[in-house]
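Data block below; observations after.
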Amino acid sequence: MIKGSIVALVTPMTETGAVDYRGLEQLIAFHLNEQTDGLLVLGTTGESPTLSDEEEEEILRFTVEKVNGRIPVIAGAGSNATAKTVKKVQRFAELGADQLLVITPYYNKTSDVGLLAHFQTIADASSLPIILYNVPSRTGMTIAFPVLAELAKHPQIIGIKEASGDMSYTMEVAQLIDETFALYSGNDDLILPVLSIGGIGVISVWANIQPKVVHELVHDYLNGNSHSAKEKQLTHLALINALFSETNPIPVKAAMNYLGLPAGPLRLPLTALGEEKKQQLIALLAENGGANR
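Just so we're aligned: the sequence shown equals residues 1 to 293 in my numbering.
Here it is as structure tokens:
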């Protein structure tokens, strides 16, 4: 299991809206240098809803090649169609992913029975470890605790990215933590609270701009230096909140572009961060020393 900071990587774009592979290579090198513990590609932060199947496969293939085994590569493989997700998890295994992130179905919200069958069918078909993704603000549904408790028994399901923001629910999830099932914070503002109940890391948007800080926060806590971890979390809290002032990844791409990191424009229906919020974000970046301070 990956301990530490897993960056939910943006997909850099050229000015014409194509995937910027040169920029992606630069970002991979940046994260390898700054101690990021794992890379997640093809997630929501990577604008996966607007990527074609061909683009998804090429981004994953390219990332795996450039990382060259130095840190794990996780691929976002979820969809709201079980059969489509099964094809993705099998194809992404062929392309060299180390693990998979699979979100709950969206729009065609299912019952608990359907959700259990959905994830079990995918896990049965997967040769790779799967991290479940619970983010009701995006999907309109939460993985009910009894369903999660059953899923945690599956040998291919090794953890959950918990992004509900509901610490009462997350406390329930923490009861399932053992050597075969891990808890990851899916909210950058709750890294420390999740670590305090047994979490082993974060799948982070914030890490796109300050990867070393996020890595150090997690490992400080895991190594017994809770005071240093708390200081990092609280010092950067206003910046973290600004990164979610509009739909992710709108603000983080604005921050990256300001800092000179390859990000580029967004694909519609997402549009650039408004000027007022952009200036507020820039001011917070200056207060926080820019990248990795």
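Note that CB positions come from ideal geometry on N, CA and C, so glycine has one too.
- Take Phe30, set aside five residues on each side of it, and no residue of its chain has a beta-carbon closer than 6 Å to its own.
- Taking 8 Å as the cut-off, the beta carbon of Ser5 is found closer than this to the beta carbon of Gly201.
- The beta-bridge partner set that DSSP reports for Gly159 consists of Ile131 and Ala182.
- Counting only runs of at least 3 residues, the segment 35–97 fully encloses the following beta strand (DSSP E) elements, listed from N- to C-terminal order: 38–41 and 73–76.
- Gln99 is bridged by DSSP to Ile74.
- For Ile282, the uninterrupted alpha helix (DSSP H) run begins and ends at Glu275 to Glu287, by DSSP.
- In the three-state reduction of the DSSP assignment, Ser226 falls in the helix class, which pools H, G and I.
- Under the 8 Å Cβ criterion, the segment 110–117 does not count as touching the segment 62–75, having fewer than three qualifying pairs.
- The C-alpha of His215 lies about 11 Å from the C-alpha of Ile191.
- Residue pairing from DSSP places Ser204 in a beta bridge opposite Val7.
- Scanning its chain for C-beta atoms nearer than 6 Å, with the 5 sequence neighbours on each side dropped, one finds no residue around Ser52.
- In the three-state DSSP reduction, Met167 falls in the helix class (H, G or I).
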